[in-house]
Ligand code: ADP
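Residue numbers (the working numbering): 2 to 395.
Next comes the structure, spelled out in structure tokens:
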């Protein structure tokens with residue numbers, strides 16, 4: 002079965018067509034500037050880039066289907082070859098604890114979650130509605146970023162604020178990156194040759210956005226992002242946890258609105274804010290090497306907060322068998338992995354520097370005597386979405 006995986010953003014759309022027999026990516030690409038002018042980048046039988054007018058998401062998906070069918074560049078002869086579409090949907094609120102086949106009720110629930118994810122759920126929904134128009138007979142599945150974390154116990158998801166706010170407005174921790182945490186935890190168990198149900202794993206998704214997850218017996222027991230992705234670790238441009246009183250103090254000092262400060266906490270903080278150099282960890286690592294002190298501060302804050310959160314999750318799970326690193330920084334930066342693992346000797350983490358230097362593949366980079374394993378697992382959210390889609394439509 003061939004599955005089309007779609008990730009619709011406000012003005013962009015990423016796609017992959019995956020043949021589930023052998024899990025081979027047949028084609029992938031990106032539509033950008035939807036609603037502005039329109040640009041397609043595609044790789045399939047042949048690579049292709051073109052400016053194509055895309056007034057909306059239906060236009061963009063039509064464009065994707067056209068190029069997939071194209072004789073010279075495409076990879077299918079008929080739309081009937083697409084067995085199902087898997088959509089990444091950011092927020093499923095408390096409605097969804099797993100992926101689901103899309104029905105009118107599911108769409109209604111996704112719509113109800115718009116106020117929790119006003120930037121993400123609307124384009125996700127547009128993608129779903131466009132596919133219904135363009136491929137009315139193909140089953141569609143929603144895979145939620147939040148679903149994996151719905152297993153968190155109450156003490157992990159409830160904030161210590163009035164319980165009324167949870168009841169009235171559903172203010173609680175939801176967590177994000179769930180598809181990635183689930184995928185790498187499953188791969189880690191396979192790599193360790195142990196059933197996931199017997200393991201305590203801490204997955205570290207360290208990209209531009211970053212979150213940790215305590216995966217106990219295969220289920221999320223806690224995670225560092227919260228009601229929104231702003232909570233938790235220091236990130237590329239997000240502050241992560243700060244004292245909430247800072248917001249009011251900062252507003253008064255600089256005559257800013259709440260919206261201004263929240264925007265700065267999302268877009269001008271994190272390692273960008275501390276370093277003053279960049280939100281890209283490669284730039285910051287290079288600046289540190291060149292002697293930039295603020296770049297060194299930013300990396301220290303980032304590593305310390307990851308390590309500290311690992312400690313929290315060891316307490317939450319009463320131990321940890323393996324730490325997994327994934328996403329842009331987690332997969333590629335040996336120095337950051339070494340710095341974080343440097344805090345974790347008490348846990349029995351011992352790393353082999355030669356193995357830690359290997360890039361781009363699944364590896365256990367621990368020494369033989371390590372009692373808590375340290376792994377790199379490249380994430381693959383698209384494959385996870387395709388697997389869950391196949392499972393549901395079968
Ligand atoms: P997102 O999907 O959240 O945009 P990614 O998972 O693509 O993020 O990760 C992007 C981050 O990974 C960037 O900040 C980049 O600096 C970092 N990164 C990628 N490669 C390396 C590398 N070789 N060394 C250090 N950081 C890297």
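Note that the Cβ used here is the ideal one computed from N, Cα and C, for glycine as well.
Here the structure is a predicted model, which means the values were calculated and not measured.
- Per DSSP, residue 354 lies in no beta strand (DSSP E) segment; the continuous alpha helix (DSSP H) that holds it begins and ends at 354 to 357.
- Selection 291, 227, 378 evaluated against residue 193 yields 378 as nearest (Cα-Cα).
- Per DSSP, reduced to three states, the secondary structure at residue 213 is strand.
- Judged by beta-carbon spacing, residue 185 lies beyond the 8 angstroms limit of residue 307, meaning their Cβ atoms are not closer than that value.
- Judged by the Cβ position, residue 177 fails to qualify as a neighbour of the ligand ADP at the 7 angstroms threshold, every heavy atom of the ligand being at least this far.
- Along the length of the stretch 183 to 270, whole alpha helix (DSSP H) runs at least 4 residues long occupy 246 to 255, 259 to 268, reported in chain order.
- Counting only runs that start and end inside the stretch 274 to 319, the alpha helix (DSSP H) elements of at least 4 residues fall at 282 to 290, 294 to 318.
- When 161, 108, 75, 258 are compared, the shortest CA-CA separation from residue 145 is found for 108.
- Three or more pairs of CB atoms, one per stretch, sit closer than 8 angstroms, so the stretch 312 to 331 contacts the stretch 204 to 214.
- By the Cβ neighbour-count rule, residue 48 is exposed, with fewer than 16 other Cβ atoms within 10 Å of its own.
- Residue 286 has its CB nearer than 7 angstroms to a heavy atom of the ligand ADP.
- Closest option to residue 177, judged by alpha-carbon separation, among 225, 371, 354: 225.
- In the structure shown, residue 149 adopts helical secondary structure according to DSSP, grouped into three states.
- Contact between residue 374 and residue 323 is confirmed by a C-beta separation of about 4 angstroms, below the 8 angstroms threshold.
- At least 8 angstroms separates the beta-carbon of residue 162 from that of residue 228.
- Cβ-Cβ separation between residue 58 and residue 124: approximately 7 angstroms, consistent with a contact (criterion under 8 angstroms).
- Annotated as distal: residue 83 and residue 143, with beta-carbon spacing of 8 angstroms or more.
- Per the coordinates, the alpha-carbon of residue 100 lies some 42 angstroms from the alpha-carbon of residue 250.
- Residue 41 places its beta carbon less than 8 angstroms from that of residue 64.
- In this structure, DSSP gives residue 327 an extended state, which the three-state scheme calls strand.
- With contacts defined as CB atoms closer than 8 angstroms, residue 219 and residue 239 fail to qualify as a contacting pair.
- Where residue 342 is concerned, the enclosing alpha helix (DSSP H) starts and stops at 335 to 342.
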